[in-house]
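Asker:
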Amino acid sequence: MNRSLRPLLATVVIFAIAYAAAVMQFPALFSTRVLGNFLTDNAFLGIAAVGMTVVIISGGIDLSVGAVIGFTGVLVAVLVTWLGVHPLLAFAIAFVVAAAFGAAMGLVIHYLEVPAFIVTLAGMFLARGGASVITQDSVPIDHPFYKMITSLYFRLPGGGRLTFLGLTMIAVFIIGAILVHRTRFGSYVYALGGNTTSASLMGVPVARTTILIYMLSSVLACLAGIVFSLYTSAGYPLAAVGVELDAIGAVVIGGTLLTGGYGFVFGTFVGVMLLGLVQTYIIFDGTLSSWWTKIVIGFLLFLFIVLQRLVFAASAQGDKAPGRA
Amino acid sequence: MNRMALRNVVNTQTVALVGVLLLNWVLFPGFFRIEWQDGRLFGSLIDVLNRGAPVAILAIGMTPVIATKGVDLSVGAVMAMAGAVAASLVVAGYPAWIAVSGALALGLACGIWNGILVALLDIQPIIATLVLMVAGRGIAQLVTEGSIVTFSDPTLVFIGTGSFLGFPMPVVIAFALMVLVTLAVRKTAIGLFIEAVGVNRSAATLAGIRSRLLLIVVYSISGLCAATAGIIVAGDIRGADANNAGLWLELDAILAAVIGGASLLGGRFSIPMSVVGALIIQAMNTGILVSGFPPEFNLVVKAGMITLILMIQSPLAGHILGWFGRGKRGAAR
Chain A
5 MNRSLRPLLA TVVIFAIAYA AAVMQFPALF STRVLGNFLT DNAFLGIAAV
55 GMTVVIISGG IDLSVGAVIG FTGVLVAVLV TWLGVHPLLA FAIAFVVAAA
105 FGAAMGLVIH YLEVPAFIVT LAGMFLARGG ASVITQDSVP IDHPFYKMIT
155 SLYFRLPGGG RLTFLGLTMI AVFIIGAILV HRTRFGSYVY ALGGNTTSAS
205 LMGVPVARTT ILIYMLSSVL ACLAGIVFSL YTSAGYPLAA VGVELDAIGA
255 VVIGGTLLTG GYGFVFGTFV GVMLLGLVQT YIIFDGTLSS WWTKIVIGFL
305 LFLFIVLQRL VFAASAQGDK APGRA
Chain B
463 MNRMALRNVV NTQTVALVGV LLLNWVLFPG FFRIEWQDGR LFGSLIDVLN
513 RGAPVAILAI GMTPVIATKG VDLSVGAVMA MAGAVAASLV VAGYPAWIAV
563 SGALALGLAC GIWNGILVAL LDIQPIIATL VLMVAGRGIA QLVTEGSIVT
613 FSDPTLVFIG TGSFLGFPMP VVIAFALMVL VTLAVRKTAI GLFIEAVGVN
663 RSAATLAGIR SRLLLIVVYS ISGLCAATAG IIVAGDIRGA DANNAGLWLE
713 LDAILAAVIG GASLLGGRFS IPMSVVGALI IQAMNTGILV SGFPPEFNLV
763 VKAGMITLIL MIQSPLAGHI LGWFGRGKRG AAR
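Protein sequences appear in the order of chains A and B. Per my numbering, the very first residue in the first sequence carries number 5; after that it's consecutive. Per my numbering, the very first residue in the second sequence carries number 463; after that it's consecutive.
So, in structure tokens, the structure goes:
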């Protein structure tokens, strides 16, 4: 029991050490302002990463996340700016579209027995292409409702702002954690990730669960797209390219196994914060070029997967075969 | 063997390629016109071959990797790194052969790194190669110091834009690689070993296959192919663009292999068919361009095509065909 928490503990310890080291160099990093901005700047990534965590625990992968974020942004922007629809109604339409999109991917993955990697790759092309077909340009959103939401925040002691977007991400993480760790659906997800055949023999509704998992991922990606459009006040078909990789990175750094059947939603939160810390540190430093971000994130990924291997080699006797990816 | 040879000429992939080409011809009547000018061939068909060559080369390396139940996401980043290294070396005054060897050595090193992560540390291929995919582009930008390094070295430019026997150089290189790798895997037992490891690695190891060495070799070939494609792309634009060289081409290469009939679950592959897959993708790209459709439709058409191919290849379609008693389920497997 304790042993299974080790990767999570390692992530938390490494984040604490990295943050402490960064604060030693730049004391200004230790302020509620920076922490508040951490949450706001990474809100869309965090929300998408919750969905990705669920998908990865179930042994799958969702490459369409970034494209769904971009598509949602364009859809909402076009509905609000060109057609004059109220943002709330536009959000509802976007959620319905995303849910149908995710359900379709889940259906194909389950009934056609195609690897999730290829299906969600096709989904990524479809969503990105669909967004580009609607418009090529960035569509601005200028609506009083948007101004109202982006100006909502709690003032933290020390001048920081806990914005509505940051709070949304925290709420999604809490709901996601309850869903995965405390509900029947959550235990089905773990069962699928462990072994689909035995899960099905034990009476897990595999078809329904698979479809729900990909619906959840797409709906959360849609929410992330809405948050992103609130954050940038625009919809752009090429927005959030490659966010799926950041989300997968955050999930892996957070201690979730890509083979499925093992992981924590809270770990993903720490992973997102760690990615945010790397970016903020590089901005604070000023002399380091932005491409160091990628190198450091790659190194962190490497560090964590090796760490996981060592922990699991020490604890597990029967190695899991490489799962479907 | 004879039956195999027959099935290799007429099958889903070649029929699809001919279909796409005919569709292009309907949309753009001059599609099949090929001219001989300045000692080389010109025409839309040659253009499809030429533009499809980098993805075809990536697919040649990717296919054996996929056949071992793996995937190599780092090939796009390796392309960017190889281009950056080759360009920086010639700009620094080294002769072209050193630049090319340097870039190939880098590709080999990247492949060995991926192979070690997969074979020795037992890390899932998709995540092991994700490390290099994320970090590689950063390293490429480090090499070029964030700018696009331009060069005019005749040898490198020849690799990207020259011609040999009338055919563009990238096509010649891709064809040579295809023949070389196909012979290597099909005229020796290596192909069988690769499929055995892909179907069941433990069983293959117990049967006496040195699966770790084999995996490292397979990923090294993929790295070498990616570096070759990187040199070609850099030579083509006479510069190394660390940001955009090979961007998302890993997805096209995987797609080419899947269209070519390789199973992502390992154990089945055909290198010539993967090359045909790469050509199908390029023929669609070119078709959308020459027929005057906006290029944004490209991704949507691609998504539709993947879905179609997946449905044809899926076990469910095999069952349905089986009910009608016409299709062979073995063909869909």
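Ideal Cβ placement from N, Cα and C applies to all residues, glycine included.
If Gly-697 of chain B sits next to Leu-618 of chain B, beta carbons under 8 Å apart, how far is it from one beta carbon to the other, in whole angstroms?
Answerer: As a first step, residue 697 of chain B is located in the second sequence; it is residue number 235 there, counting from the start. As a first step, residue 618 of chain B is located in the second sequence; it is residue number 156 there, counting from the start. Correct: roughly 5 Å between the Cβ atoms.
Asker: Looking only at its chain, what residues have a beta carbon closer than 7 Å to the beta carbon of Leu-535 of chain B, apart from the 5 residues adjacent to it on each side?
Answerer: Numbered from 1 along the second sequence, position 73 holds the residue referred to as residue 535 of chain B. Only Ile-588, Thr-591, Leu-592, Met-595, Glu-712 meet the Cβ criterion.
Asker: Only counting runs of 3 or more residues, tell me where the beta strand (DSSP E) segments fall wholly within the stretch 50–118 of chain A, in order along the chain.
Answerer: none
Asker: What separation, rounded to the nearest whole angstrom, lies between the Cα atoms of Met-56 of chain A and Ala-98 of chain A?
Answerer: Position 52 of the first sequence, counted from the start, is the residue given in the question as residue 56 of chain A. Position 94 of the first sequence, counted from the start, is the residue given in the question as residue 98 of chain A. One C-alpha to the other measures close to 19 Å.
Asker: Since I believe Thr-154 of chain A is in contact with Leu-234 of chain A (beta carbons under 8 Å), could you give me their beta-carbon distance rounded to a whole number of angstroms?
Answerer: Indexing the first sequence from 1 puts residue 234 of chain A at position 230. Indexing the first sequence from 1 puts residue 154 of chain A at position 150. Rounded, the Cβ-Cβ distance is 6 Å, consistent with contact.
Asker: Taking a Cβ distance cut-off of 9 Å, strictly less, list which residues of the stretch 581–609 of chain B are near chain A, in chain order.
Answerer: Leu-583, Asp-584, Ile-585, Gln-586, Pro-587, Ile-588, Ile-589, Ala-590, Leu-592, Val-593, Leu-594, Met-595, Val-596, Ala-597, Gly-598, Arg-599, Gly-600, Ile-601, Ala-602, Gln-603, Leu-604, Glu-607, Gly-608
Asker: Sorted by chain position, which residues of the same chain lie with C-beta nearer than 6 Å to Thr-690 of chain B's C-beta, five sequence neighbours on each side aside?
Answerer: Mapped onto the second sequence, residue 690 of chain B falls at position 228. Closer than 6 Å at Cβ, skipping near neighbours: Ile-519.
Asker: Counting only the same chain and skipping the five closest in sequence on each side, list residues whose C-beta sits under 6 Å from that of Gly-739 of chain B.
Answerer: On the second sequence, position 277 is the one that residue 739 of chain B refers to. Only Ala-718, Ile-721, Gly-722 meet the Cβ criterion.
Asker: Across the stretch 691–710 of chain B and the stretch 497–509 of chain B, are there enough close Cβ pairs to call them in contact, namely three or more that are closer than 8 Å?
Answerer: no
Asker: Applying a beta-carbon distance threshold of less than 7 Å, which residues of chain A neighbour Thr-769 of chain B?
Answerer: Taking the first residue of the second sequence as position 1, residue 769 of chain B is located at position 307. The answer, in chain order, is Ala-126.
Asker: Interface residues of chain B around Thr-263 of chain A at Cβ under 7 Å?
Answerer: Position 259 of the first sequence, counting from 1, holds the residue named residue 263 of chain A. Residues of chain B passing the Cβ test: Gln-586.
Asker: Three or more C-beta pairs closer than 8 Å, one from the stretch 575–589 of chain B and one from the stretch 667–678 of chain B: is that the case here?
Answerer: A contact between stretches requires three or more CB pairs, one per stretch, nearer than 8 Å, and the stretch 575–589 of chain B meets this requirement with the stretch 667–678 of chain B.
Asker: Any beta carbon from chain A within less than 8 Å of Val-633 of chain B's own beta carbon?
Answerer: Position 171 of the second sequence, counted from the start, is the residue given in the question as residue 633 of chain B. Taking Cβ atoms only, chain A never reaches closer than 8 Å to Val-633 of chain B, which makes this a no.
Asker: Name the residues in the stretch 215–231 of chain A whose C-beta lies less than 9 Å from a C-beta of chain B; which are they?
Answerer: none
Asker: Would a C-beta distance cut-off of 8 Å place Val-553 of chain B and Val-517 of chain B closer than the cut-off?
Answerer: One-based indexing of the second sequence puts residue 553 of chain B at position 91. One-based indexing of the second sequence puts residue 517 of chain B at position 55. No; because the gap between Cβ atoms is not below 8 Å, this pair is not in contact.
Asker: Buried or exposed: where does Ile-683 of chain B fall if 16 or more other Cβ atoms within 10 Å of its Cβ makes it buried?
Answerer: One-based indexing of the second sequence puts residue 683 of chain B at position 221. Answer is buried; the Cβ neighbour count reaches 16.
Asker: To the nearest angstrom, report how far apart Ala-225 of chain A and Pro-616 of chain B are at their CA atoms.
Answerer: Within the first sequence, the letter at position 221 stands for residue 225 of chain A. Within the second sequence, the letter at position 154 stands for residue 616 of chain B. One C-alpha to the other measures close to 48 Å.
Asker: At the level of alpha carbons, what is the spacing between Ser-673 of chain B and Ile-60 of chain A?
Answerer: Residue numbering aside, residue 673 of chain B sits at position 211 when the second sequence is read from its first letter. Residue numbering aside, residue 60 of chain A sits at position 56 when the first sequence is read from its first letter. If you take the alpha carbons of Ser-673 of chain B and Ile-60 of chain A, they lie about 27 Å apart.
Asker: What are the residues in the stretch 129–154 of chain A lying within 8 Å of chain B by C-beta distance?
Answerer: Phe-129, Leu-130, Arg-132, Gly-133, Gly-134, Ser-136, Val-137, Gln-140
Asker: Helix, strand or coil, according to DSSP, for Pro-630 of chain B in the structure here?
Answerer: Locating residue 630 of chain B in the second sequence gives position 168, where the first residue counts as 1. Pro-630 of chain B: strand per DSSP, three-state reduction.
Asker: Which bits of chain B does Tyr-115 of chain A rub up against, with CB to CB less than 9 Å?
Answerer: Counted from its first residue, the first sequence places residue 115 of chain A at position 111. Within chain B, the residues near Tyr-115 of chain A are Ser-776, Leu-778.
Asker: What residues in the stretch 728–758 of chain B have a beta carbon less than 7 Å from any beta carbon of chain A?
Answerer: Glu-758
Asker: Measuring only the C-alpha atoms, how far is Arg-313 of chain A from Gly-267 of chain A?
Answerer: Here the question's residue 313 of chain A lines up with position 309 in the first sequence. Here the question's residue 267 of chain A lines up with position 263 in the first sequence. Answer to the nearest angstrom: the Cα atoms are 14 Å apart.
Asker: Would you say Ser-204 of chain A reaches chain B, if we count a Cβ-Cβ gap shorter than 8 Å as a contact?
Answerer: Within the first sequence, numbered from 1, the residue matching residue 204 of chain A stands at position 200. It does not: the Cβ of Ser-204 of chain A has no partner Cβ on chain B nearer than 8 Å.
Asker: Buried or exposed, going by whether 16 or more other CB atoms sit within 10 Å of the CB of Gly-573 of chain B?
Answerer: Start at 1 with the first residue of the second sequence, and residue 573 of chain B comes out as number 111. Buried.
Asker: Just the C-alpha distance for Phe-177 of chain A and Asn-512 of chain B, rounded to the nearest angstrom, thanks.
Answerer: Residue numbering aside, residue 177 of chain A sits at position 173 when the first sequence is read from its first letter. Residue numbering aside, residue 512 of chain B sits at position 50 when the second sequence is read from its first letter. About 48 Å.
Asker: Taking Cβ positions, are Ile-217 of chain A and Gly-110 of chain A nearer each other than 8 Å?
Answerer: Taking the first residue of the first sequence as 1, we reach residue 217 of chain A at position 213. Taking the first residue of the first sequence as 1, we reach residue 110 of chain A at position 106. Result yes, Cβ atoms of Ile-217 of chain A and Gly-110 of chain A sit closer than 8 Å.
Asker: Going by the beta-carbon positions, is the gap between Gly-302 of chain A and Val-223 of chain A smaller than 8 Å?
Answerer: The residue labelled residue 302 of chain A in the question sits at position 298 within the first sequence. The residue labelled residue 223 of chain A in the question sits at position 219 within the first sequence. No. Outside cutoff.
Asker: Suppose contacts are defined by Cβ-Cβ distances below 8 Å. Is Ile-257 of chain A in contact with Thr-36 of chain A by that definition?
Answerer: Along the first sequence, one-based indexing puts residue 257 of chain A at 253. Along the first sequence, one-based indexing puts residue 36 of chain A at 32. Going by C-beta atoms, Ile-257 of chain A is not nearer than 8 Å to Thr-36 of chain A.
Asker: Where do the ends of the beta strand (DSSP E) carrying Trp-498 of chain B lie?
Answerer: For this step, residue 498 of chain B is matched to residue 36 along the second sequence. That run of the beta strand (DSSP E) goes 496–499.
Asker: Note down, in chain order, all residues in the stretch 298–311 of chain A with a beta-carbon under 7 Å from any beta-carbon belonging to chain E.
Answerer: Among the protein chains in the structure shown, which are A and B, there is no chain E.
Asker: Would you tell me roughly how many angstroms separate the C-alpha atoms of Leu-160 of chain A and Val-38 of chain A, rounded to the nearest one?
Answerer: As a working note, residue 160 of chain A is residue 156 in the first sequence. As a working note, residue 38 of chain A is residue 34 in the first sequence. Their Cα atoms are separated by approximately 11 Å.
Asker: With three or more C-beta pairs closer than 8 Å as the rule, is the stretch 757–764 of chain B touching the stretch 126–145 of chain A?
Answerer: yes
Asker: From the DSSP output, in three-state form, read off Arg-788 of chain B for me.
Answerer: Your numbering for residue 788 of chain B matches position 326 in the second sequence. Any reading at Arg-788 of chain B is ruled out, since the residue's pLDDT is 49, under 50, leaving its predicted position unreliable.
Asker: Val-143 of chain A and Val-82 of chain A look like a contact to me (Cβ under 8 Å); what is the Cβ gap, rounded to whole Å?
Answerer: Mapped onto the first sequence, residue 143 of chain A falls at position 139. Mapped onto the first sequence, residue 82 of chain A falls at position 78. Rounded, the Cβ-Cβ distance is 6 Å, consistent with contact.
Asker: 8 Å is my cut-off, CB to CB: does Val-720 of chain B come that close to chain A?
Answerer: Mapped onto the second sequence, residue 720 of chain B falls at position 258. Yes, contact with chain A.
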